[in-house]
Amino acid sequence: QLIPVSLEQNFQPTLQQIAQTREENTVGIWLASPSNPTGTILGREEMAAISQWANTNGMHLLVDEIYHGLQYVSDVPSILEIYDNAFVVGSFSKYFGMTGWRLGWIIVPEGYIETARILAQNFFISAPSISQFAALAAFTEEAEEVFQERREAFENRKSFLTSELASLGFIIPNEIHGAFYVYADISKFSQDSELFCSSLLNKQKVAITPGTDFGQHKAKQHVRFAFTTSMADLSIGVERLKATLK
């Protein structure tokens with residue numbers, strides 16, 4: 002069961018929504034922080050409240066932290082700082098920039114280690130050894146300097162893109178604290194995100210993603226911009242977007 006979220010709640014579910022959505026056969030809660038496509042996060046207080054509720058009600062808590070590290074505020078907690086019994090999914094793809102190596106991890110409560118091992122062994126046995134050796138380079142001091150430089154570059158691009166989009170009339174979240182996306186409301190220009198994206202691609206060769214790729218709730222009114230390219234290319238894309246909206 003998906004929980005609809007909106008700009009007014011910074012595109013993150015509330016404890017009240019989670020409690021109201023619970024059904025008789027619900028056994029767990031799946032969260033994402035930082036989130037794709039919105040770039041928003043769950044704060045420490047919200048995480049603590051949700052984890053306490055999950056524990057009290059016998060719910061498993063699973064958190065996607067694949068974008069952890071790509072953050073633009075100081076306090077972006079991992080759920081494990083707050084709650085020991087969470088399941089956490091991580092990856093080398095985003096912060097470490099190793100997308101094509103298909104390498105990640107899952108942290109599980111101690112009582113589920115054997116179950117996770119059995120599932121992994123039957124689904125994929127193990128991650129490729131080449132990818133694992135390549136990932137060792139991510140733990141050097143030199144690599145960490147590169148990661149911080151990339152994070153700062155993403156933050157600069159975020160500031161540029163959000164400012165430009167807001168000036169054009171897009172409605173965007175005030176608190177994009179992680180990842181590298183802007184989830185923008187296009188209702189001023191269109192009520193069909195798929196048509197809006199295809200038109201921009203065909204006319205201006207600018208690729209963005211319709212909200213319908215991520216769910217159904219107000220998805221036709223939203224698109225996702227990614228600031229994963231250079232500042233120069235972002236500037237070109239913005240100018241082409243301006244030309245389309247004239």
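This note's numbering runs 1 ahead of the 1-based position in the sequence shown.
Glycine included, every Cβ here is placed at the ideal spot set by N, Cα and C.
Every value quoted in this text rests on a predicted model; they were computed, and no experiment measured them.
How many whole angstroms separate the CB atoms of residue i and residue j, which I take to be in contact at a CB cut-off of 8 Å?
i	j	result
V239	E165	5 Å
F228	F181	5 Å
E9	S34	Contact flag wrong, Cβ pair sits at about 18 Å.
T41	E176	6 Å
A144	M99	Their Cβ separation, rounded to whole angstroms, is 11 Å, which puts A144 and M99 out of contact at 8 Å.
A139	F171	About 35 Å; that fails the 8 Å criterion.
K247	L169	Between L169 and K247 the Cβ distance is about 10 Å, and since that is not below 8 Å, they are no contact.
Which stretch, first to last residue, makes up the beta strand (DSSP E) that contains residue i?
i	result
W31	29-33
S92	88-92
L62	61-65
F226	223-227
By Cβ distance, which residues of its chain are closer than 8 Å to residue i, with the 5 residues on each side in sequence left out?
i	result
Q192	K221, Q222
L81	A87, V89, I108
P174	L8, N11, F12, T39, G40, T41, V183, Y184
A117	I107, V109
E24	Q2
So the alpha helix (DSSP H) residue i belongs to, where does it begin and stop?
i	result
V147	142-169
I108	From DSSP, I108 is part of no alpha helix (DSSP H) but of the beta strand (DSSP E) over 105-108.
A49	45-57
A244	232-246
A185	Segment 182-186 is the beta strand (DSSP E) holding A185; no alpha helix (DSSP H) there.
K204	194-205
Q217	Counting along the chain, Q217 falls outside any alpha helix (DSSP H), and DSSP gives it neither H nor E.
Using 7 Å as the threshold, is the C-beta distance between residue i and residue j below it?
i	j	result
W31	L63	yes
L201	T163	no
S52	I83	yes
P14	Y184	no
V253	H178	Only positions 2 to 247 of the chain appear in this structure, which leaves residue 253 out of reach.
P211	S194	yes
Y96	L137	no
L16	A55	no
G105	G91	yes
M48	G29	no
Residues in its own chain within less than 6 Å of residue i by CB, not counting five upstream and five downstream?
i	result
A208	L202
T22	Q2, I4
R45	P78
E277	Since the first residue shown for the chain is 2 and the last is 247, residue 277 is missing from the structure and cannot be characterised.
Q205	R241, T245
G216	none
With a CB to CB cut of under 7 Å and the five nearest residues on each side skipped, what residues in its chain are close to residue i?
i	result
R158	F228, M232, L235
R152	L71
A167	I173
F155	L71, F181, F228
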